[in-house]
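Comments concern the structure below.
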Amino acid sequence: MAKRKRNQNLTAASVPVEEPISAPKKTKTVNAPAQAKVPKASVKLSSGKNITIQIITGSYDRILHGITATLPATETATFADTFLFTAHTSAIRALALSPPSAPTPNQPQKILLATGSTDSRINLYHISAHPPRKHSVPVLPGLSSRAVVENPANRELGSLMHHAAAVTGLHFPTRGKLLSSAEDCTMAVTRTRDWSLLSSIKAPVPKAQGRPSGDTAPVGGAPSGVNAFAVHPSLKLMLSVGRGERCMRLWNLVTGKKAGVLNFSRGMLGEVHEGRFGSGEGRRVAWGNTAGGEEFAVAFEWGVLVFGMDCKVRCKVLPDRRTKIHELRYVKRDEDGEEMVLALSTEDGRIIFFSTDPADLVAPAAKEGDDALPAAKILAQLGGKDAGVTNRIKDFAVLPLEESGSVIIVTGSSDGAVKLWRLKMADVLGGGGGLVGEMAGEYETQNRVTCLVAFVMVDLPEGATDDVLEEDDDEEEKEESSDEE
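Take the position in the sequence shown, starting the count at 1, then add 342; the result is the number in my numbering.
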């Protein structure tokens with residue numbers, strides 16, 4: 343077989359060209375440096391050292407926006423755009439980040455990013471776990487006053503078409519698996535090694551309820567689909583809540599089959615202000631752990647119900663003022679323990695922390711009746727009108743730091759504002775329901791944010807380089823060797 347003529351191209355490519363964006367070449371050394379430490383969920387913030395946070399937002403405007411926030415120990419954060427483009431043909435509804443790749447000598451670490459939209463596509467990207475080097479990737483000039491620092495290690499991988507309707511949820515339980523849900527009542531399990539579909543779990547289509555006789559809606563036009571799902575830490579169980587049904591489903595991930603159904607009674611729904619004409623469907627679901635054992639929380643439009651592992655209601659979670667709930671997450675009380683507190687983002691721009699510990703529950707008033715549920719105790723509040731935040735918080739991320747129980751909370755609002763907050767968990771536990779935390783920075787994305795993910799970037803190990811050009815050269819060398827054979 344005739345060999346391809348690549349001599350001229352190789353000769354031209356070997357001529358040194360001065361490019362300010364190119365990173366230094368990788369040199370092979372005999373003595374390999376010590377292995378890099380595995381990045382944990384928490385990062386130590388020492389005095390005088392900055393940390394870099396990668397924030398990624400999706401919006402109604404189809405825009406996928408990557409932002410890096412450099413956070414000093416005491417001053418406010420500085421922001422820079424890393425990528426900004428139209429990722430889908432319709433609104434982005436879900437984002438998910440995988441755990442970082444295993445650290446190896448002289449190799450950078452990468453994180454998988456999955457984005458889901460109402461166009462039924464799941465787009466996949468490689469995101470660098472390391473901040474871009476200033477000497478290799480300078481700040482690019484532009485017409486606006488925003489700083490732009492492009493990371494050459496960020497790449498697009500492709501798209502998945504496993505669903506036939508809008509994607510509603512994405513989650514990486516491990517780096518090797520991606521779980522997704524959609525409005526076609528399916529939940530897909532994808533293997534990240536070759537992006538093949540391993541299993542598709544089908545939830546039943548709910549029957550239309552409360553629709554008037556003679557309704558002219560088309561067949562299948564009744565509300566249906568999976569609203570949200572949550573995987574148990576053991577990776578063997580999964581909870582899901584769907585549209586148009588007043589129940590929660592338990593799935594066995596080992597067999598891929600249904601393990602049980604928990605119906606929400608009229609009394610349960612009344613405790614969280616789901617009236618007679620309300621949908622009664624669960625909007626969000628999450629697993630947690632307290633001194634009373636493992637539990638899971640189901641969020642409705644106006645409140646949250648907390649269940650034990652015996653599927654019995656433990657308590658209700660209601661804000662002190664009537665407001666809609668958009669997102670909920672469990673946050674660890676401290677880095678060493680396993681006990682958690684429940685955090686809710688609301689329509690009025692607050693993040694409210696609750697204790698669902700059995701010892702902290704507030705007994706119902708006598709006028710509520712004997713069957714009333716105890717209420718979770720409000721520990722503290724972040725943001726809100728008193729802090730100058732009035733727009734709804736659509737999503738938020740909690741990033742623990744090894745600094746006496748401190749955390750960084752990243753919030754995304756419908757008005758396009760992304761805010762960073764410093765917070766100590768000790769203040770939350772002893773807040774008494776008052777305001778806690780301080781704003782560390784604010785950035786206007788100028789897009790209506792619908793979802794948000796973030797992670798703390800780690801330093802590049804010694805001897806490693808994030809230059810993607812060298813990886814391309816290695817691939818070309820492999821192609822040449824295969825052609826010669």
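A virtual CB, placed ideally from N, CA and C, is assigned to each residue, including glycine.
Separation of residue j from residue i, as counted between CA atoms
| i | j | result |
| --- | --- | --- |
| T394 | S748 | 16 Å |
| L577 | L595 | 7 Å |
| P442 | H468 | 10 Å |
| R463 | P706 | 46 Å |
| G773 | T412 | 28 Å |
| G617 | L611 | 7 Å |
| A507 | G598 | 21 Å |
| P494 | A564 | 46 Å |
| V573 | V740 | 18 Å |
| K600 | W593 | 5 Å |
| P661 | F695 | 10 Å |
| D699 | E681 | 9 Å |
| R692 | N448 | 44 Å |
| T532 | H407 | 25 Å |
| G624 | V731 | 27 Å |
| F427 | E780 | 31 Å |
| R517 | R535 | 9 Å |
| L777 | D728 | 8 Å |
| H472 | A545 | 39 Å |
| V490 | F606 | 49 Å |
| G500 | L466 | 5 Å |
| S697 | S523 | 30 Å |
| M580 | H668 | 21 Å |
| D526 | S459 | 13 Å |
| S470 | A796 | 13 Å |
Closest residue to residue i among the options (Cα-Cα distance)
| i | options | result |
| --- | --- | --- |
| W644 | Y672, L686, E677, N631 | L686 |
| V537 | F514, E710, A471, R588 | Note on identity: in this sequence residue 537 is Trp, with Val being the wrong assignment. Taking only the C-alpha atoms, the option nearest W537 is F514. |
| R675 | Y402, A633, N465, N493 | A633 |
| L456 | P742, A628, H430, V568 | It should be pointed out that residue 456 corresponds to Ala in this sequence rather than to Leu. Nearest C-alpha to A456: H430. |
| G630 | G650, V614, S621 | G650 |
| G622 | G725, A641, V491 | A641 |
| K391 | E417, I405, T399, R404 | E417 |
| I405 | S522, A729, R790, F797 | R790 |
| P521 | S582, G711, R588 | One detail in the question is off: residue 521 reads as Leu in this sequence, not Pro. Nearest option by C-alpha distance: S582. |
| K666 | L647, D690, V683, V673 | D690 |
| Y672 | A628, A768, A722 | A628 |
| G567 | V603, T528, L579 | T528 |
| D423 | P445, Q788, T446 | Q788 |
| E587 | G775, R734, G620 | G620 |
| N305 | K452, R626, V614 | Only positions 343 to 827 of the chain appear in the structure, and residue 305 is not among them; the question remains open. |
| G635 | M799, V646, D652 | D652 |
| S756 | F571, N733, M590 | N733 |
| S401 | D737, N496, P742 | D737 |
Simplified DSSP assignment, three categories, for residue i
| i | result |
| --- | --- |
| K578 | coil |
| V531 | strand |
| E623 | coil |
| A717 | strand |
| V357 | Below a pLDDT of 50, predicted positions are generally treated as unreliable, and V357, at 37, falls in that range; the measurement from the model is reported next regardless. V357 falls in the coil class under three-state DSSP. |
| V568 | strand |
| E636 | strand |
| M682 | strand |
| R608 | helix |
| V770 | helix |
| A867 | Absent from the model: residue 867. The displayed extent of the chain is 343 to 827, so no value can be given. |
| E643 | coil |
| L743 | strand |
| E616 | coil |
| K600 | strand |
| L352 | At L352, the pLDDT of 38 sits below 50, so the modelled position is not reliable; the number obtained from the coordinates is stated separately. Reduced to three states, the DSSP call for L352 is helix. |
| E677 | coil |
| D737 | strand |
| K709 | helix |
| A759 | strand |
| A507 | coil |
| A835 | What is shown of the chain runs 343 to 827, which leaves residue 835 out entirely. |
| A729 | helix |
In DSSP terms, what residue i is bridged to
| i | result |
| --- | --- |
| H513 | L521 |
| Y672 | L684 |
| Q723 | I694, L777 |
| H407 | T399, L426 |
| S462 | According to DSSP, which records beta bridges pairwise, S462 is partnered with nothing at all. |
| W593 | M580, K600 |
| L539 | T532 |
| N631 | E636 |
| G500 | L466 |
Interface flag, residue i vs chain D, CB-CB below 8 Å
| i | result |
| --- | --- |
| N605 | Absent here is chain D; the protein component of the structure consists of one chain. |
Three or more C-beta pairs closer than 8 Å, one from the stretch 651-667 and one from the stretch 715-733: is that the case here?
yes
Could you tell me whether the stretch 760-767 touches the stretch 431-446, where touching means 3 or more Cβ pairs closer than 8 Å?
no
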